[in-house]
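In our numbering, the protein residues as written are 9 to 704.
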């Protein structure tokens, strides 16, 4: 029976280790005879290496080897061609890793990398996304496996016949994940077996990739991810650092540590693609949507296709009889984009929720009321009822908590000295998913329990949440449960991403605990260890394909300096419906973290690409600006007491990403309300608003 651990605000189990500095990250594990690697990036956008001169580098004190395409150990073709590093002289984008220097110290490796001389035969390149690029094409599907285009009814006819129409285009730049801990690995080979301590979001998938690339059995590869300092999607699969380090360690036959620099994180490890999004909305005079169209354009690389699912958000958010969504992609001479917190839904929500605000103004209706009026209990995309949908409740409770009632809809109506004041709102949704997982539960003779699962805690508090779920499932106080995660010697578990980690892992933990309790019921108190395992593959795979989503509503109050265009947030408030909340402390951190990233997206973040060199010029945290404490005075996150029995045994929907979805739109809508200026290309920099007091 439950002990009531789930729902209580426990502090993180690893908190003391982290604050005292004893928690070890990927390159902090002590290893005998260790060496250090330093990645060498290409200096051209597109071309072919014609010569690599390693003479000076190898003569530099401490340098042991320069590994490149001419001498690197061979790897098998893999599912991601860009991971076959140092296998060929072709350069696909600037910054692609073309060599790695190994030395006895980090300083020696860095100096050796500086001394490597490389000549290239270069060719013309294309690096800028445009809506008329001749290379635009329709991909077969969009991430992870959604249909590229959808259509229902007759959008063109429905749009043309409507009395109120909005046709707007929004643009978002490239965004870079920038976790606190960079991509980093310690790798060592012994008797054909590979051990890596790696910073990633899913050790099981990393092990599978390494085994395939190096042509060894999965059992010969062990990946340890005990502590991970953030990922935001960029560490969802094996990436360059772990492959380079394993390759270098095999070449020198010694352990190697390699951590990418902050500058080296901008591109080769993934980023959110820039987008160009055209949204067309039509409604009747009462604000009921009759037609919706969302056309999204994004980019991928020439080496591997990644198609962001930008318009998928629009397929299920609001109802209309005539709907269409499309995705088009162009291959550019750039690194491959990848997951970044709420891929697709985040930029897609910015466009749709901004357009809904513009429609509300065109209709003359409160934007909260317009969203409520277009709510639906049936998924417009699947044609089936949602397992639960509390968007309206989030909007109403958020409006009440925020003090939305009585808002003057007129732009520029409020002023506080030199500050123009405005408020904005946006909806939010994110799919509630689960993936097959396995777990092991063990009863010890002393009455304590051990629960093992290869889950990954990327700083979200996952370890603590699993511990709480395990305690309730075992029917014991949580203090009597020990948790082991982050090691491929443990039962296989899926990636920490897609807001599905806790939903997936808790399912397996609950089933393992139930199996163990049945064993103990039959055998009595254990005299030795008693173990039970569970695998949820058949359970998860047997779920009906019902529309399952978390929902939310963002409310923002901004002030804009009428002379300088400087934007500050007085308040940011979110209310969410994300199923059962396991730990209120970590849940609040996740939601506020997502909201803060959305604020950062709205006001600051922007990868600035230099077309001549095919690279981002602002590739550090001094020039790639992120939000700071001064940007918002008050930020609050609340959630509904929601239960959804169609999800999983824990009733968890996941809340790692719902907080960022729609947040940027709420900020942009508030800025428009304050100034009367609609910014449709993020970020909302002050140069786009400077002198707003002079605008009519």
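Using N, Cα and C, we set each Cβ at its ideal position, and we do this for glycine too. Predicted, not measured: the structure shown is a model, and the values here were computed from it.
| Check | Outcome |
| --- | --- |
| Residue span of the alpha helix (DSSP H) that contains residue 604, given as start and end | 592–611 |
| CB of residue 97 within 8 Å of CB of residue 182, strictly | no |
| Per-residue burial, residue 171 [other beta carbons within 10 Å of its own, 16 or more giving buried] | exposed |
| Where residue 265 falls, given that 16 or more other Cβ within 10 Å makes a residue buried | buried |
| Boundaries of the alpha helix (DSSP H) in which residue 522 is found, first to last residue | 509–531 |
| Residues that DSSP places opposite residue 647 in a beta bridge | 584 |
| Bounding residues of the beta strand (DSSP E) (the contiguous stretch that carries residue 330) | 330–340 |
| At least 3 beta-carbon pairs within less than 8 Å: the stretch 42–60 vs the stretch 99–114 | yes |
| For residue 393, three-class secondary structure by DSSP | strand |
| Residue from 15, 482, 32 with nearest C-alpha to residue 23 | 32 |
| Extent of the continuous alpha helix (DSSP H) run through residue 681 | 671–683 |
| First through last residue of the alpha helix (DSSP H) which encompasses residue 619 | Counting along the chain, residue 619 falls outside any alpha helix (DSSP H), and DSSP gives it neither H nor E. |
| Distance, residue 426 Cα to residue 15 Cα | 45 Å |
| Minimum length 4: unbroken alpha helix (DSSP H) runs contained in the stretch 217–292 | 248–260 |
| Residue 637 classed as buried or exposed, judged by whether at least 16 other C-beta atoms fall within 10 angstroms | exposed |
| Beta-bridge partners of residue 205, as assigned by DSSP | 194, 232 |
| Cβ contact check for the stretch 291–300 and the stretch 324–342: 3 or more pairs under 8 Å | yes |
| Under the three-state DSSP convention, the category residue 632 falls into | coil |
| Close beta carbons around residue 127, own chain, < 6 Å, minus the five adjacent residues each side | 58, 59 |
| Integer-rounded CB distance, given that residue 694 should sit under 8 Å from residue 574 | 5 Å |
| Where residue 704 sits in the DSSP three-state scheme | Residue placement at residue 704 is flagged as unreliable, the pLDDT there being 42, under the threshold of 50; the coordinate-derived value follows with that caveat. It is coil, neither helix nor strand. |
| Distance, residue 479 Cα to residue 11 Cα | 7 Å |
| Inter-residue CB distance, residue 76 and residue 94 (contact presumed, cutoff 8 Å) | 6 Å |
| Spatial neighbours of residue 291 in its chain, beta-carbon cut-off 7 Å, leaving aside the 5 residues before and after | 170, 172, 297, 298, 367, 371 |
| Contact between the stretch 502–513 and the stretch 409–417 (3+ Cβ pairs under 8 Å) | no |
| Counterpart residues of residue 460 in DSSP-defined beta bridges | 448, 492 |
| Proximal residues to residue 704 (C-beta, below 7 Å), its chain only, five neighbours per side dropped | Since pLDDT at residue 704 reaches only 42, below the 50 mark, its modelled position is unreliable, and the value read off the structure follows with that caveat. Result list for residue 704: empty, nothing under 7 Å. |
| Cβ-based burial, residue 235 [other Cβ within 10 Å; buried from 16] | buried |
| Pairwise C-alpha distance: residue 129 and residue 87 | 28 Å |
| Option nearest residue 429 by Cα separation, candidates 420, 17, 435, 436 | 420 |
| Exposure label - residue 27; buried when at least 16 CB within 10 Å | exposed |
| Those runs of the alpha helix (DSSP H) which lie wholly inside the stretch 376–420 and span at least 4 residues | 399–410 |
| Start and end residues, beta strand (DSSP E) containing residue 46 | 43–49 |
| Sufficient close CB pairs (3 or more, under 8 Å) joining the stretch 614–630 to the stretch 597–604 | no |
| Residue 689 (DSSP reduced to helix, strand or coil) | strand |
| Nearest neighbour of residue 199, chosen from 228, 310, 700, 209 [CA to CA] | 228 |
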